[in-house]
Structure formats: structure tokens, C-alpha cells
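To start, the structure under review is shown below, and the notes come after it.
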Amino acid sequence: MATSLYSRIASRASLYAGLLQGVAENPRYYRFVMRRGWYDKIVKQLAKHDLPVHKTFYPAKLDLRIMYACNLRCKMCGQWGENGTYFEYGTPRLQRTLELKTIERVVEQLAPHGLQYVDIEGGEPFLHPHVIDLFRMLKSYGLLVKPVTNGTLLKQYAKEVVDCGLDAIHVSVDGDRDSHNMVRQATWAYDRTMEGLSAVSTERRRAGRRTPLLVICFTMTRHNTAASLRKLCQELHGKRLIDVLSIKAGPIWIPQHKGEAYDRLIERYFGRCALTSWRGFTEDYRDFHEGAREAAQTIRDLKAGHYDFFVHAVPSIPLEEVPKLYGDYEWNLGRPHCPIPYAEPTIDADGNVYPCNLFTDEALSMGNIYEQPFLDIWFGKRYTTFRQMLADQGGLLPICNRCCQLTEH
Ligand SMILES: C[S@@+](CC[C@H](N)C(=O)[O-])C[C@H]1O[C@@H](n2cnc3c(N)ncnc32)[C@H](O)[C@@H]1O
Ligand code: SF4
Ligand code: SF4
């Protein structure tokens, strides 16, 4: 008993010591992610219906979807899952990768105006043939850089991702081995991802650093179980693989009628266009009461537990409200006006720029960085129309209520 109390205190102490070392090593990263000043300033202004004046606001954060292609077919994924919309893309488009020199031109325009953070996603970003060169280029501008990856290709890049100074890596894991492999539809996925994480954490120790911050992102959906999340924690504990387990307590999903309302809204402002992206997330979670209650209880237990990593849940709401994330789509968590169209553009593998970083339909592209300077797009007429449309709806669109962009970084 005394030994276990002692070992718990020792493991807690080493957890906090690791965190302190990480903060001391990279304070700017923690300040940006935790204080969120860039975001709150715009949110407050928008809440007062005081729309930022043209040419006074610039992106603080950039989201790059550098590839469409992916080596997995995860069941819940809006891109490549059961309702995934990337299946409709032809081969030439699926082979596109965002070119470095074109991204660099965007960075050159934005860095002097306060760009700080670049989030890199796909598809699977580590399939990009020049992914490490991309990280190096972004770091050379002093930017904070974080890829989100399924981790299956991490092992081969373990040394480079530490040496090039990445600030954080988010690795998606959907439960213990059986559950993860079932959700990710590949019997080899879990082991490869864990090998990747192990290789990076070993390299990090070799370099005597706590950067990049290693985060596992777990998304609770109808395809996995809260029990598999508990097992994942047990499997991870004691291996010194990660710093944080981030639990997405509610998935992104959209009831059909909300998607159709969005179609009608877009038609009013942009004319008739074929939108498919929301369809990738069409789901109805109203039957998920039991799963939602178990998820809430599991998160409560895990947060009170003693692991050699931090357990964190998003969105940050009281846990008794987690079931509402599934049962009541109308509930918007009291979210304010979405600031993303004022602060965080998304650029996809084709070079198209989007004001919403969850739903990216070519028909709603604001312009293309292969054809126009980024800032002409950012302050262009289509972006202005989109921002006005959002304000006219009170700051959220019919498909916004389960978007995770407002709650995570
Ligand atoms: C679309 S993936 C792209 C990056 C990379 N391929 C990966 O899996 O991490 C980005 C993140 O979205 C998560 N995700 C996929 N479908 C989701 C859904 N329906 N709701 C919430 N998150 C989802 C994935 O688990 C992953 O953490
Ligand atoms: S690995 Fe990522 S992009 Fe690929 S199918 Fe899974 S969630 Fe989607
Ligand atoms: S879905 Fe809505 S809340 Fe999310 S980024 Fe787009 S506009 Fe903002």
C-alpha cells in the first residue's frame, strides 16, 4: 500500500517535471495553445457584432491539408470512411500534393502579419513526399508546427521530426489494439502506430528534449467503446510513449436535415452548387445514450486515475453534459460566433482556400493560391460574402454544432 502510494506520488511528480521541462523548452507553443489570445480577441469582437474592419485582421493559424490520399479507411472518417466523400475524387486529384514553394509564398505574405501556427493534416500527411522539407521550411520562419497523423508512417521519420524542431505531433488512436484496428480497418495499424510513437519518444530522449509534445487523440464514436479507451490507457501506462491523451468526447456528425439546410443557405449566398463534404459526416447519434453515459463515466475515471501521461477531454464541458453531445444536435454548447473565417484559413492539396476548416467543397473555394496571391483571396469578395453569411446566421451555420474546430488546438 505504502509502496503503491509512493510510486503514484513519484509518477505524478515525474509527470509534472516533464511538463515543466516542456514548457521551459517551448513556452511560445504553450502560450499559443493554452491562452488562445489570438482567438479570444476575435471572438469577443464578433460577440459584440463588431465585425473586424477590412484589412485589419490576418490569420494567426494556417491549416494545410497537404494530401487527399490516405493509407487507411477509418469507419467514422468524413473523407475516407463509410460515407467518405474523397471516394468521388478522380485519380489525378487524389494524387495532388501541395507544393512547397507555393506554400512558402503564402507564408512569406503572412509571417509579417502575425502568422504563428501551422496545423498539417490530410488525408495522411506523412504520405507527402516532401513532408520533412515542409516542416523545415515552416520552422525556418519561426512558426509553431503540428501535424495530425495516423502514425503508421512515423517510425521512418522519427529522427527527422525531432531534429527539425516540430512543436507537437497529434497521433490518432481509437482504442486498444482490437478496437483501433477494427475502426481503422487494418490489422496492422495499431502496432505500426505504436512503433512510430515509440521511435519518436526514443529519439526525443536521445536528444534530451521534451519537444515535440506527443499527444494521442482518441475520438469516441459508435465504432469503438469506452471500454476500449480504458484498455488503451492500461496499455500505454508505464511505457513513456506520450505526454497527453486527448479524448474527443463527441465525434463530428451531422443530421441529414441540417446538411440540407446548409445546402439551401449556401445556394442563397453563392448560387446553386454541389456540396458533398458534410455528407461524409451524416450520422444520427440519438440512439447512443448508453454509449454516451459510459463515455462520460470513463472520462471521469481516467481523469482521476494515475497514468504517466495527462488525460484531457474536449470539448471542455461538465462531464454530465457529454450525453447531450450525442442526443441533442440543436445544443450548440453556448458557442459564440465562429472566428475561423477571420483567423484560420484552410488550404487543401489543390491550392484551394477555405474559410471553414471542416467543410471544404471545391464549389466553396474562396480562391486558389496557384492562381492568386493569398491576401487577395483573404480580403476578396467571396470571403467577404462568406463572413457576411455567417454573421447573418448569428455566427454559426446549420452544420456547425458538432464541429471540433472551436474547442481544440
Ligand atoms: C481526418 S484525420 C487526418 C489526419 C490523419 N489521417 C489522422 O487520422 O490523424 C484528422 C483527425 O480527425 C479524426 N476524425 C476522423 N473522423 C472523425 C469524426 N467523425 N469525428 C471526429 N473526429 C474524426 C481522426 O481520428 C483524426 O484524429
Ligand atoms: S487515417 Fe485519417 S484521413 Fe485516413 S481514413 Fe483515417 S481518419 Fe481519415
Ligand atoms: S463548421 Fe462552423 S464552427 Fe466549424 S469551422 Fe466551419 S464555420 Fe466554424
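Here the sequence shown stands for residues 400 to 808, numbered as in our numbering.
Just so it is clear, CB atoms sit at the ideal spot from N, CA and C, and this is done for glycine as well.
Whose C-alpha, out of the options, is nearest the C-alpha of residue i?
i: R591; options: H711, R603 and V570; result: V570
i: I746; options: E729, R504, S410 and W479; result: R504
i: Q481; options: S715, T681 and C799; result: First, the residue type needs correcting, since residue 481 is Glu and not Gln in the sequence shown. Cα-wise, what sits closest to E481 is T681.
i: P722; options: C672, M593 and P650; result: P650
i: F773; options: L499, C737, L509 and L414; result: L509
i: E523; options: Y516, S539, V547 and G513; result: V547
i: T501; options: E720, H622, V452 and Y769; result: Y769
i: P714; options: K538, Y725, H705 and D707; result: Y725
i: S627; options: D760, V582 and V643; result: V582
i: C799; options: Y728, P744, R781 and W777; result: Y728
i: L674; options: F525, T759 and L450; result: T759
i: E507; options: Q478, D518, P426 and P458; result: P458
i: H579; options: K460, R407, T618 and G750; result: T618
i: P738; options: W677, R786, L404 and L419; result: R786
i: D462; options: G794, G766, L757 and L763; result: L757
i: T496; options: L612, Q515, Y782 and I519; result: I519
i: Y540; options: G513, P797 and Q584; result: G513
i: D577; options: Y438, T601 and L631; result: L631
i: S403; options: I716, G489, H705 and G794; result: H705
i: G670; options: L763, Q696, P740 and T697; result: L763
Compute every distance between the C-beta of residue i and the non-hydrogen atoms of ligand 1, then say whether any falls below 8 Å.
i: G690; result: no
i: E481; result: no
i: V570; result: yes
i: V422; result: no
i: I641; result: no
i: V547; result: yes
i: K647; result: yes
i: C672; result: no
i: F687; result: no
i: D573; result: yes
i: I768; result: no
With DSSP run on the structure shown, which of helix, strand or coil describes residue i?
i: P546; result: strand
i: G715; result: First, the amino acid is wrong: residue 715 is Ser here, not Gly. Coil.
i: I519; result: strand
i: H808; result: With a pLDDT of 49 at H808, under the threshold of 50, the modelled position of that residue is not reliable, and the figure given next carries that caveat. Of the three classes helix, strand and coil, the one that applies to H808 here is coil, per DSSP.
i: D562; result: helix
i: V582; result: helix
i: M466; result: strand
i: C616; result: strand
i: D749; result: coil
i: S413; result: helix
i: F486; result: helix
i: H512; result: helix
i: A588; result: helix
i: T784; result: helix
i: S764; result: coil
i: L674; result: coil
i: A567; result: strand
Please confirm whether any heavy atom of ligand 3 lies closer than 8 Å to the CB of residue i.
i: C473; result: no
Buried or exposed for residue i, going by 16 or more other Cβ atoms inside 10 Å?
i: G550; result: buried
i: M466; result: buried
i: E659; result: exposed
i: A412; result: exposed
i: F778; result: exposed
i: P528; result: exposed
i: W587; result: exposed
i: G750; result: buried
i: Y753; result: buried
i: V452; result: exposed
i: A567; result: buried
i: G593; result: Rather than Gly, the amino acid found at residue 593 in this sequence is Met. Buried: at least 16 other Cβ atoms inside 10 Å.
i: P717; result: exposed
i: Y415; result: exposed
i: H736; result: buried
i: R685; result: exposed
i: A695; result: buried
i: K545; result: buried
i: L419; result: exposed
With a threshold of 8 Å (Cβ to nearest heavy atom), would residue i be considered close to ligand 2?
i: C469; result: yes
i: R583; result: yes
i: C632; result: no
i: N623; result: no
i: Q494; result: no
i: C476; result: yes
i: E487; result: no
Between residue i and ligand 4, is there a pair consisting of the residue's CB and a ligand heavy atom that are separated by less than 8 Å?
i: G521; result: The model on display carries ligand 1, ligand 2 and ligand 3 but not ligand 4.
Worksheet item: Within the structure, which residues are defined as neighbours of ligand 3 by a Cβ-heavy atom distance below 7 Å, reported in chain order?
Response: C737, I739, P740, C755, N756, L757, F758, L789, L795, L796, I798, C799, C802, Q804 and L805
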